[in-house]
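> Residue numbers (the working numbering), protein chains in the order written: chain H, 332 to 487; chain B, 7 to 341.
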Amino acid sequence: MLRNLFLFAAATAAVPAFAQADPSVSLASDVMVERTTVGPDGRTQVSLEEPSTVVPGDKLVFVLRYRNNGRQPAADFVVTNPLPAAVAFQGSNDGSAQLSVDGGRSWGAIGDLMVTEGDGTRRAARMEDVTHVRWTFAQPIPAGEAGRLMFRGVVR
Amino acid sequence: MSFTDISRFSGPKQTVGYALLLGVSSLAMVPEAALAAGTRAGTLIENTASATYDVGPTQISVDSNTNTVRVDELINAVVDWSDSADVMTLPGSTGQVLAFSVTNNGNGEESFSLSTISTLGGDDYDPTVTSIVIDDGDGIYEPGQDTVYIPGTNDPVLLPDASVTIFVLSTTPAGAGDGDRGGVQLIAASRTGTGAPGTSFSGRGEGGGDAVLGTTGGDGSDDGFYSVSAASVSLVKSASVLNQFGNANPIPGATVTYTIVATTTGSGSLANLAINDAVPTGTTYVPGSLRLGSTALTDAADADAGRFASNAITVSLGTVPGGQSRTVTFQVTIN
Numbered sequence: 332m333l334r335n336l337f338l339f340a341a342a343t344a345a346v347p348a349f350a351q352a353d354p355s356v357s358l359a360s361d362v363m364v365e366r367t368t369v370g371p372d373g374r375t376q377v378s379l380e381e382p383s384t385v386v387p388g389d390k391l392v393f394v395l396r397y398r399n400n401g402r403q404p405a406a407d408f409v410v411t412n413p414l415p416a417a418v419a420f421q422g423s424n425d426g427s428a429q430l431s432v433d434g435g436r437s438w439g440a441i442g443d444l445m446v447t448e449g450d451g452t453r454r455a456a457r458m459e460d461v462t463h464v465r466w467t468f469a470q471p472i473p474a475g476e477a478g479r480l481m482f483r484g485v486v487r
Numbered sequence: 007m008s009f010t011d012i013s014r015f016s017g018p019k020q021t022v023g024y025a026l027l028l029g030v031s032s033l034a035m036v037p038e039a040a041l042a043a044g045t046r047a048g049t050l051i052e053n054t055a056s057a058t059y060d061v062g063p064t065q066i067s068v069d070s071n072t073n074t075v076r077v078d079e080l081i082n083a084v085v086d087w088s089d090s091a092d093v094m095t096l097p098g099s100t101g102q103v104l105a106f107s108v109t110n111n112g113n114g115e116e117s118f119s120l121s122t123i124s125t126l127g128g129d130d131y132d133p134t135v136t137s138i139v140i141d142d143g144d145g146i147y148e149p150g151q152d153t154v155y156i157p158g159t160n161d162p163v164l165l166p167d168a169s170v171t172i173f174v175l176s177t178t179p180a181g182a183g184d185g186d187r188g189g190v191q192l193i194a195a196s197r198t199g200t201g202a203p204g205t206s207f208s209g210r211g212e213g214g215g216d217a218v219l220g221t222t223g224g225d226g227s228d229d230g231f232y233s234v235s236a237a238s239v240s241l242v243k244s245a246s247v248l249n250q251f252g253n254a255n256p257i258p259g260a261t262v263t264y265t266i267v268a269t270t271t272g273s274g275s276l277a278n279l280a281i282n283d284a285v286p287t288g289t290t291y292v293p294g295s296l297r298l299g300s301t302a303l304t305d306a307a308d309a310d311a312g313r314f315a316s317n318a319i320t321v322s323l324g325t326v327p328g329g330q331s332r333t334v335t336f337q338v339t340i341n
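1) Among B:G145, B:V93, B:W87, which has the Cα closest to the Cα of T122 of chain B?
2) Kindly identify the DSSP beta-bridge partner or partners of I172 of chain B.
3) Secondary structure at M458 of chain H, three-state DSSP: helix, strand or coil?
4) Please tell me whether S117 of chain B and D186 of chain B are closer than 8 Å, where the distance is taken between their beta carbons.
5) Let me know if R454 of chain H comes out buried or exposed under the rule of 16 or more other beta-carbons within 10 Å of its beta-carbon.
6) In terms of residues, what are the limits of the beta strand (DSSP E) holding A195 of chain B?
7) Could you work out which residues of chain H lie near E52 of chain B, taking near to mean beta carbons separated by less than 7 Å?
8) Rounded to a whole number of angstroms, what is the C-alpha to C-alpha distance between S427 of chain H and S119 of chain B?
9) Would you list the one or two residues that DSSP bridges to V61 of chain B?
10) Tell me the rounded alpha-carbon separation between V285 of chain B and A182 of chain B.
11) Do you know how far the Cα of I441 of chain H is from the Cα of G29 of chain B?
12) So V321 of chain B is in the beta strand (DSSP E); what residue range does that whole segment cover?
13) Measure the C-alpha to C-alpha separation of A317 of chain B and S331 of chain B and round it to an integer number of angstroms.
14) Going by C-alpha to C-alpha distance, which of H:L391, H:R479, H:P382, H:P404 sits closest to V418 of chain H?
15) Are any of the Cβ atoms in chain B nearer than 8 Å to that of G388 of chain H?
16) Would DSSP call G213 of chain B helix, strand or coil?
17) Applying the criterion that 16 or more other CB atoms from any shown protein chain within 10 Å of the CB defines a buried residue, is P63 of chain B buried or exposed?
18) For G201 of chain B, I'd like the list of residues in its chain whose CB is within less than 8 Å of its CB, leaving aside the five on either flank, ordered along the chain.
19) Ignoring anything shorter than 3 residues or poking outside the stretch 245–293 of chain B, list the beta strand (DSSP E) runs there in chain order.
20) What span of residues does the beta strand (DSSP E) with T411 of chain H cover, start to end?
21) V356 of chain H to L480 of chain H, Cα distance in whole Å?
22) Under a Cβ-count criterion, where at least 16 other Cβ atoms within 10 Å of its own Cβ denotes burial, should F314 of chain B be classed as buried or exposed?
23) Let me check one thing: in DSSP terms, what residues is G422 of chain H bridge-paired to?
24) Taking Cβ positions only, does G475 of chain H come closer than 8 Å to chain B?
25) According to DSSP, is G98 of chain B part of a helix, a strand, or is it coil?
26) Name the one or two DSSP bridge partners that R76 of chain B has.
27) I want to see whether chain B comes within less than 8 Å of D400 of chain H, judged by CB atoms only; does it?
28) When we look at the beta-carbon of D437 of chain H and count the other beta-carbons within 10 Å, is it buried (16 or more) or exposed?
29) Apply the 10 Å Cβ neighbour rule to N341 of chain B and answer buried if 16 or more other Cβ atoms are within range, or exposed otherwise.
30) Our contact map puts V75 of chain B next to P387 of chain H with C-beta atoms below 8 Å; I'd like the distance itself, whole angstroms only.
31) Taking Cβ-Cβ distances shorter than 9 Å, what residues in chain H pair up with S121 of chain B?
32) Rounded to whole angstroms, what's the CA-CA distance from T304 of chain B to D184 of chain B? Just pull it up for me.
33) Hey, out of B:I319, B:D228, B:T333, B:F207, whose CA is closest to T347 of chain B's CA?
34) So with CB distances below 9 Å, who are the chain B contacts of A405 of chain H?
35) On the premise that A405 of chain H lies in contact with V108 of chain B, defined as a C-beta separation below 8 Å, what is that separation, rounded to the nearest angstrom?
Encoded structure:
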């Protein structure tokens, strides 16, 4: 075991930082569209569907699934998702995400962020100003652990 | 699925470092931005997330797969009657103009066919639509400059959020009465298709995606109205005789005072109303005897309303609204 660890460290040391090669944590992205239908009994039904047909105003749910397939804990795990230009951010699943409205230069909760308008005036940021969403994990992801992150957007 | 339900999916067992700054604001649903046309049909929404993490001393970066969602075309036509009030018309008038705007509220370039219905309920008569005209862009009806619409030939093609002014020309039936209202409905229908909102036309959208009918079901319509504003005039002529003996016997030398009362009725007005009366045979006009009400008028063709020429009097009353009367008097002597 010790020998294996040593070999692993040697192998990774040979490649530059931010190497893409290591497969130990996988990250998968999914997009679904949220449909609201009113049934014959008048009750509203909400379902998530494959985004086969999507028009402006549709609500999208983005799901990021991660899994540590390696044998080592993955520390300082940070997931960043730039918002596609045509999507207006509508919130993350648990409110734990950090947000950026300036292309990822500064981060915070929406209430802490400011936007500079074209004419130089500054105003409080709104959800639709969000350009990036990020999750920073305080604890390492143990080997074999998996989880999901989620955020919502609306097609502009 | 509610927001609460979604939390079932959140499975990171790790403590998320940003929890201290967890804000309620990011959970609250913000009002959706005003979406007129929205993202152009055919736009690709591509989403890729990336992650970094450390294994031992090494920082590693991983990208997710890229999800690509194509924005489909939403078809929404909006028609608005744009005259500020009923368009006034007269019985039998032709080329009476109603103005409408047709707006593409969808997110793709779309062609619209135009049609009208004049047999609407709730009005008093049915205007006869003679043509539909596409404005040249200034919003003013100009025969010759604007283009007469021919279905299937010059259907307006509108970019997202673009609109065009459409004029509907009608004839008012001769039998329409004063105060009657007649409506015409203009309909703009997507050439891609119409039907129930939400109907999808596979592969028919701009940019290769589907076309989906929006809240208007692919066609929009609005009603515009004419209002008949007619007026008429009735003339009553009377005569009184006074002879040189102080009685009313019409003997030679007697003076006859003619009184013409013009009474207008109706909600409209009469333009260039003039009263003409020939001096009867066997009588001679008394110069300077012409009066409009109590105002004396000269016989010359000059600035005042009256004149005497060709052995007839003429009084020009100009435009007289309905519900008024004008009294003209003149005198003759019996030869």
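All residues carry an ideal CB built from backbone N, CA and C; glycine is no exception. Note that the structure is predicted; figures quoted are calculated from it, not measured.
So, from the data block:
1) B:W87
2) B:F106, B:I140
3) helix
4) no
5) exposed
6) 187–196
7) P415
8) 51 Å
9) B:T64
10) 37 Å
11) Any reading at G29 of chain B must be qualified, since the residue scores a pLDDT of 31, below 50, and its modelled position is unreliable; no value is offered.
12) 318–327
13) Ala is not the amino acid found at residue 317 of chain B; the sequence shown has Asn there. Their backbone Cα atoms lie some 25 Å apart in a straight line.
14) H:L391
15) yes
16) helix
17) exposed
18) L219, G223, G224
19) 261–272, 275–284, 289–291
20) 406–413
21) 14 Å
22) buried
23) H:R483
24) no
25) coil
26) B:L50
27) Rather than Asp, the amino acid found at residue 400 of chain H in this sequence is Asn. Answer no: the Cβ-Cβ gap between N400 of chain H and chain B never drops below 8 Å.
28) According to the sequence displayed, residue 437 of chain H carries Ser and not Asp. Per the 10 Å Cβ criterion, exposed.
29) exposed
30) That pair is no contact at about 12 Å.
31) Within chain H, no residue comes near S121 of chain B; the closest Cβ sits about 26 Å away, beyond 9 Å.
32) 37 Å
33) The first residue shown for chain B is 7 and the last is 341, placing residue 347 of chain B beyond what the model contains.
34) A57, Y59, D60, V61, I66
35) About 58 Å; that fails the 8 Å criterion.
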